[in-house]
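What follows is a single structure, written as structure tokens, with notes after it.
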Amino acid sequence: MTYTTKNYELAINDSGTITVDRNGAELFQLPAIIAFNCLKEEAEVSRTCRISERATSSETRFSLEWDSSSWIRKEVILTCSEDRITLRGKVKGMGKRIDRISFFAGKGRRNIDKIYAPRFDWSKGIVLTHPDDKESLSCHQWLSPPPFYYGLKSGQLWFGAGIAAGGGEYNFISFDYDGEEGMVFSLAYEGHCKVDGEFESPELVLYMEGSESENDGLFLYTGDLTDRGLIKREKKEIPGWWREPIFCGWGQQRLEYRDDHDGHEMGNWINAGDYSTRLFYERHLAELEKNGINPGIVIIDCFWALFPSFAEPHPNRWPDMRGFIEEQHEKGRKVLLWLTPIIHENLPNSMCMTVEGRPVATDPTNPEFLEFFSGEIKKMISSDEGCLNADGFKIDFTQDIPAERGVFRNYLNNRWAIISEEKDKNYPSIDERDELVKLHGDIWGTELIKAYLKAIREPMKKAKADSLLITHTANPYFSEDVDMLRLNDMDGTSPDVLGIMQNRATIARSCNPQWLIDTDNDLMINKKMWLEYIQLQPLLGNPDTYYATGIAQSGELFNDEDYAVLRETFDRYRKELKSGIYAGRKLAE
5 MTYTTKNYEL AINDSGTITV DRNGAELFQL PAIIAFNCLK EEAEVSRTCR
55 ISERATSSET RFSLEWDSSS WIRKEVILTC SEDRITLRGK VKGMGKRIDR
105 ISFFAGKGRR NIDKIYAPRF DWSKGIVLTH PDDKESLSCH QWLSPPPFYY
155 GLKSGQLWFG AGIAAGGGEY NFISFDYDGE EGMVFSLAYE GHCKVDGEFE
205 SPELVLYMEG SESENDGLFL YTGDLTDRGL IKREKKEIPG WWREPIFCGW
255 GQQRLEYRDD HDGHEMGNWI NAGDYSTRLF YERHLAELEK NGINPGIVII
305 DCFWALFPSF AEPHPNRWPD MRGFIEEQHE KGRKVLLWLT PIIHENLPNS
355 MCMTVEGRPV ATDPTNPEFL EFFSGEIKKM ISSDEGCLNA DGFKIDFTQD
405 IPAERGVFRN YLNNRWAIIS EEKDKNYPSI DERDELVKLH GDIWGTELIK
455 AYLKAIREPM KKAKADSLLI THTANPYFSE DVDMLRLNDM DGTSPDVLGI
505 MQNRATIARS CNPQWLIDTD NDLMINKKMW LEYIQLQPLL GNPDTYYATG
555 IAQSGELFND EDYAVLRETF DRYRKELKSG IYAGRKLAE
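Following our numbering, the numbering of the sequence shown begins with 5 at its first residue and continues without gaps.
Pasting the structure below:
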């Protein structure tokens, strides 16, 4: 059986192996098998397939019915169209928990030179992997998660492989690539996909047009999701203040802490959270004002609150926080609060996800937690008496959601836990225990992050319609949940900081071109790099300085020339906004 278009030729033999050629040259030969492996069971074996074909004017659909060692019935649907090849599977079984779904499971070959992963990396802007190696796009990465798409380079052209799923179907924690024996793409459900009857997998889509750059295919993928109605990019009104230049105090908190501790952070940057104080922020802003620099948005960074999920400010650090916020309002500024929704400190176990009875994180599916958290969000945002009257949030550490096997299996009982990678303090992997992480609902992975953002966004917008939500969830599935995408921390020691941040901005725009971009500014190794990046920022999004008097890492203090660069950057950016230019593009584009 064959299918031929201008972009590729596909042949499928009686054993269910597909061969895909382009212009007479083989791209890959792979088994049209989807393995649905179950938790605590032997790996599924698929034997003997029966193939049928159905053609229409626009596509040909091949149905492969496989005999399975794990499932009562299993069907793989391979659909070929002009510029796409899609693969999805259906299974039937009872009392099964899917651990991992693997597409093209088995041995194969491919004529692929490089794999592009559009994810966060400390040292590289374009993350390229050898096709024999492994790669992951995971909720546990700092862009949490990145787009579920891989670029595949063959010769001079880039093809692509991406996951297409509907709302509520993202219950996997990662989309992984394994090139050890072929070209296997898989989704990690970690046992949190229960099947009692029939189940249908998301689609793996191969984009076969061929493009000249790795990111062209990424834009094609996210556009395809939009065209199919799988993600929403509804145009919304953007308040003018959302595009204002930003001062975020985190880098300055680190500098102040180092000044008091012989230039060190005492082995843990979390210590700098103690320097989120009204006194310091007033001092930082006064220094900027003295030098003619006027940020329109001020972000009060961690840890301003007494407890992370609560609206009560730390009484010693932030006496009369509302008074500070309203002073900024009088100066024409808006104030955002740092917030991570996952830490369960000072909450009852009944509001938490648990492992073997011990709480690990707040539970965004739990009605008791949602009612409590909604009230706290209102207290942070509302202008009502007794509330803080803030203007939105910078969301952080969504990459720390619970996992059964992931990098961050931490008991998130306080602020120190969000960066702990000490394996002896983790809860055990599911391979070492009998029960899954327990939560009220039945979602997992990416859907957990979606639920956390909904738990913040809905009460936030209800309390103040023009409030702003900044996240670092650079995935098109969050298109409707995010107002501004934060590019996240950088490694100032990298020789390509500017390239790294430019590509992160490109990834963000591919997810939703309407998102504004917080260019971020932390972890600069020295003043030279800070100056270079500050001047690039207006081409990427909102300029954002994390520093008011100097650079934490190097201890270098700003002089008049440095302040002049920052002032001129903010001024030039505002002038471009007035002429209808944002991030180097006309606002109508």
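Virtual Cβ for every residue (Gly too), placed ideally from N, Cα, C.
Three-state class that DSSP yields for residue i in the structure shown
i	result
W605	Beyond the ends of the chain as shown, which are 5 and 593, falls residue 605; an answer cannot be given.
P432	coil
G20	coil
Q33	strand
I399	strand
N4	Any answer about residue 4 is impossible in this case: the structure gives the chain only from 5 up to 593.
I347	coil
R282	helix
E536	helix
G514	Rather than Gly, the amino acid found at residue 514 in this sequence is Ser. If DSSP states are grouped into helix, strand and coil, S514 belongs with the helices.
H268	coil
E2	A query on residue 2 cannot be resolved here, the shown segment of the chain reaching from 5 to 593 and no further.
T523	coil
F562	coil
S142	strand
M528	coil
A15	strand
F314	coil
R508	helix
R232	coil
V131	strand
F574	helix
I453	helix
I585	strand
T475	strand
Strand pairing of residue i, partner residues [DSSP]
i	result
C84	T64, I89
W70	C53, K78
Y211	R88, G164
P363	T358
A421	In DSSP, A421 forms no bridge with anything.
A39	S106
I303	C252, L340
L156	I119, F163
G545	G545 is not bridged to any residue.
K335	In DSSP, K335 forms no bridge with anything.
C197	I102
F189	F107, Y181
N414	N430
A59	T64
V486	Note: V486 sits in no beta bridge, so no partner.
K96	R77, E202
8 Å contact criterion, which residue i and residue j should meet: CB distance rounded
i	j	result
K468	S386	7 Å
I474	N393	Going by Cβ atoms, the distance from I474 to N393 rounds to 18 Å, so no, they are not a contact pair.
M355	E372	5 Å
C42	R101	6 Å
A556	R321	So it is not a contact: roughly 19 Å between Cβ atoms.
D305	W246	Not quite, the Cβ-Cβ distance comes to about 19 Å (not below 8 Å), so this is no contact.
W162	G170	Not a contact, Cβ separation roughly 26 Å.
Residue i: CB within 6 Å of a non-hydrogen atom of the ligand FMN
i	result
F163	Ligands in the displayed structure: none, and consequently the ligand FMN is not present.
Rounded separation between residue i and residue j - CA only
i	j	result
S583	W519	19 Å
D526	G267	17 Å
I38	E202	15 Å
E286	I274	21 Å
L4	L224	Residue 4 cannot be examined here, being either before or after the span of the chain that is shown, 5 to 593.
V95	E79	6 Å
P3	L141	In the structure as shown, the chain starts at 5 and stops at 593, and residue 3 therefore has no counterpart that could be examined.
A568	S498	26 Å
M384	E349	18 Å
T366	I346	5 Å
Y431	D87	45 Å
W126	W146	10 Å
D470	G445	30 Å
L443	D428	24 Å
L544	N507	10 Å
R54	I177	32 Å
D541	I504	Inspection of the sequence shows that residue 541 is occupied by Gln rather than by Asp. When rounded, the distance between both Cα atoms is 12 Å.
P319	T402	26 Å
S217	M98	45 Å
Residue burial classification, residue i (beta-carbon count within 10 angstroms, cutoff 16)
i	result
E139	buried
K111	exposed
S50	buried
E293	exposed
Q160	exposed
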